[in-house]
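S.K.:
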Amino acid sequence: MTLEDSASKEIKWWAIPGQFLRQELLPVLTNLRLAIALLLLIAIFSSTGTVIEQGQSPGFYQANYPEHPALFGFLTWKVIQVVGLDHVYRTWWFLALLILFGTSLTACSFTRQLPALKAAQRWKYYEEPRQFKKLALSAELDTGSLDSLHQILQKHRYKIFQDQEKENLLYARKGIVGRIGPIIVHIGIVAILLGGIWGAMTGFLAQEMVASGDTFKVTNIVDAGPLAAQIPKDWSVRVNRFWIDYTPSGGIDQFYSDMSVLNNQGEEVDHKKIFVNEPLRYHGITFYQTDWGIAGVRVQYNNSPIFQLPMAQLNTNGNGRIWGTWVPTKPDLSEGVSLLAKDLQGMVLIYDATGKLVDTVRTGMFTEVNGVKLKILDVIGSTGLQIKADPGIPIVYSGFGLLMLGVVMSYFSHSQIWALQKGDRLYVGGKTNRAQVAFEQEVLEILDRLSSQPKGEEKEAAIEV
1 MTLEDSASKE IKWWAIPGQF LRQELLPVLT NLRLAIALLL LIAIFSSTGT VIEQGQSPGF
61 YQANYPEHPA LFGFLTWKVI QVVGLDHVYR TWWFLALLIL FGTSLTACSF TRQLPALKAA
121 QRWKYYEEPR QFKKLALSAE LDTGSLDSLH QILQKHRYKI FQDQEKENLL YARKGIVGRI
181 GPIIVHIGIV AILLGGIWGA MTGFLAQEMV ASGDTFKVTN IVDAGPLAAQ IPKDWSVRVN
241 RFWIDYTPSG GIDQFYSDMS VLNNQGEEVD HKKIFVNEPL RYHGITFYQT DWGIAGVRVQ
301 YNNSPIFQLP MAQLNTNGNG RIWGTWVPTK PDLSEGVSLL AKDLQGMVLI YDATGKLVDT
361 VRTGMFTEVN GVKLKILDVI GSTGLQIKAD PGIPIVYSGF GLLMLGVVMS YFSHSQIWAL
421 QKGDRLYVGG KTNRAQVAFE QEVLEILDRL SSQPKGEEKE AAIEV
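Everything in the sequence shown is counted per UniProt numbering, starting at 1 for the first residue and increasing by one.
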């Protein structure tokens with residue numbers, strides 16, 4: 001064996017991966033059926049993540065998706081948690097689908113769209129009449145000239161090319177942007193996929209129920225990506241005040257939270273009043289107003305100091321929301337009454353140990369119970385906050401912008417026209433990649449204008465040019 005043979009074998013060995021990529025893998029990745037199948041799977045699992053509540057506790061799924069009877073005969077809490085349907089967008093198989101779909105689009109762009117764009121930019125003159133017969137539209141005229149055709153095409157916004165050495169040839173085109181549009185669409189979709197993956201890997205979701213007047217840090221993380229690093233540690237949030245606006249009929253009109261962002265020194269660095277659809281955003285983290293509750297009640301016995309007692313939500317089996325607490329009326333805690341409230345309008349119900357309604361008191365008023373003067377000073381509300389960070393959102397929005405731009409660009413037709421002046425004969429032909437009817441009408445209009453010009457006028461126009 002010679003050195004040349006061994007070198008050639010070594011080259012062939014190193015070429016194996018490239019050959020496998022070009023001959024085996026690329027045809028599969030660029031297959032349209034594969035792309036459609038992946039897109040359908042992504043859509044199906046995305047809708048599953050919308051229908052099935054995400055990031056809830058195991059008890060929530062056990063209560064809402066029991067094994068007997070199973071939803072649709074198979075969907076139980078075990079299936080949801082094993083498959084990962086409780087956090088679809090962060091499962092390895094969903095991210096793998098996104099990566100595979102993005103790889104397919106990228107491969108298609110490099111193997112089909114970019115070569116198509118390069119082919120559209122390459123052109124040559126037609127120097128023989130027989131070449132015009134291959135075009136979708138062609139005509140042979142005994143009137144008209146390249147100079148008059150040049151002027152007409154300029155009015156139709158064509159970019160015109162003419163050879164200085166061969167002045168009897170002409171090529172014109174417009175709408176090359178239509179060839180760039182599909183590439184921009186692919187780039188936009190890939191950007192959306194990358195933004196989704198980055199958000200799933202680095203984002204987090206938290207929920208907090210905070211009483212009015214309390215300061216908190218984000219600790220109750222419901223769901224977080226493996227690379228989540230935006231969880232705030234050097235600043236906190238204070239709920240200055242929470243309140244609800246009610247309608248005249250007693251229904252909730254809107255609930256609000258006046259919030260301040262505090263640094264480690266307790267100084268306010270940001271401030272905003274939030275409500276539904278108007279969140280607080282700080283350092284890439286968004287605080288949404290999503291729920292409300294009653295945190296406690298402030299009471300006073302006779303002339304005693306003011307006590308703040310916590311209130312808990314009671315189980316009413318779906319018959320409205322009620323919060324309650326127990327208030328002792330003797331120092332040894334041998335007697336007491338129960339306080340119930342269903343909203344923040346200031347009405348408190350007082351029940352004795354036997355479950356009998358003793359009195360109904362509004363905030364700021366007092367009543368006598370068990371020989372004690374009990375004053376209800378205030379019912380303290382709590383705000384329910386959903387806290388979310390998704391660093392992939394700017395990438396996703398940019399991708400959607402590119403996608404819309406690419407779709408608009410794709411509507412432009414790439415139209416081409418060739419012309420050849422041979423003796424007293426003028427050969428004109430053209431083709432387009434879409435909007436065939438509109439292109440035919442345009443070419444017929446150009447031919448009509450050429451045919452309507454007497455030869456004498458053409459020569460005069462040529463001299464003027």
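Quick reminder that beta carbons are idealized off the backbone N, C-alpha and C, glycines included.
Check each candidate in Leu280, Ile80, Leu339, Ser212 and name the one with the smallest Cα separation from Val299.
M.R.: Cα-wise, what sits closest to Val299 is Leu339.
S.K.: With DSSP collapsed to three states, give me the class of Met1.
M.R.: Unreliable positioning characterises Met1 in this predicted model, as indicated by a pLDDT of 49, which lies under 50. The coordinate reading is nonetheless provided below. In the structure shown, Met1 sits in coil (DSSP, three-state: anything other than H, G, I, E or B).
S.K.: State the Cα-Cα distance for the pair Gly430 and Leu135, rounded to the nearest angstrom.
M.R.: Their Cα atoms are separated by approximately 6 Å.
S.K.: Would you mind reading off the limits of the alpha helix (DSSP H) that contains Gly196?
M.R.: 177-202
S.K.: With distances taken from CA atoms, which of Ser413, Gly406, Gly384, Glu24 is nearest Gln207?
M.R.: Gly384
S.K.: If you count every other CB in all the chains shown that lies within 10 Å of the CB of His87, and 16 or more means buried, which is it?
M.R.: buried
S.K.: So, is Ala462 buried or exposed, given that buried needs 16 or more other C-beta atoms within 10 angstroms?
M.R.: Residue placement at Ala462 is poorly supported in this model, since its pLDDT is 36, which falls under 50; the coordinates are not used for a value here.
S.K.: Short of 6 Å in beta carbon distance, which residues of its chain neighbour Lys375, apart from the five on each side in sequence? Order them along the chain.
M.R.: A distance below 6 Å between beta-carbons, with the five flanking residues on each side excluded, links Lys375 to the following residues of its chain, in chain order: Gln300, Phe366.
S.K.: Measuring straight from C-alpha to C-alpha, what distance separates Phe307 and Lys388?
M.R.: 35 Å
S.K.: On the three-state DSSP scale, how would you describe Gln421?
M.R.: strand
S.K.: Taking Cβ positions, are Gly392 and Val222 nearer each other than 8 Å?
M.R.: no
S.K.: Quick one: what does DSSP say Glu165 is sitting in, helix, strand or coil?
M.R.: coil
S.K.: If you draw a straight line from the C-alpha of residue 493 to the C-alpha of Trp77, how long is it?
M.R.: Limits of the chain in this structure are 1 at one end and 465 at the other, which puts residue 493 out of reach.
S.K.: Once the 5 residues before and after Trp198 are set aside, which same chain residues still bring their CB inside 7 Å of it?
M.R.: Pro391, Gly392, Ile395
S.K.: Can you find the residues in the same chain that come closer than 7 Å, C-beta to C-beta, to Glu457, ignoring five residues on each side of it along the sequence?
M.R.: Note that Glu457 has pLDDT 47, beneath the 50 cutoff, so the model's placement of it is unreliable and the number below is only indicative. Correct list: empty, nothing qualifies.
S.K.: Distance check for Leu402 and Pro27, CA to CA, integer angstroms please.
M.R.: 27 Å
S.K.: Which value, in whole angstroms, describes the spacing of the CA atoms of Glu24 and Lys174?
M.R.: Just so you know, the alpha carbons of Glu24 and Lys174 end up roughly 37 Å apart.
S.K.: Grab me the residues of Pro226's own chain with a C-beta within less than 7 Å of its C-beta, minus the 5 sequence neighbours each way, in chain order.
M.R.: Met201
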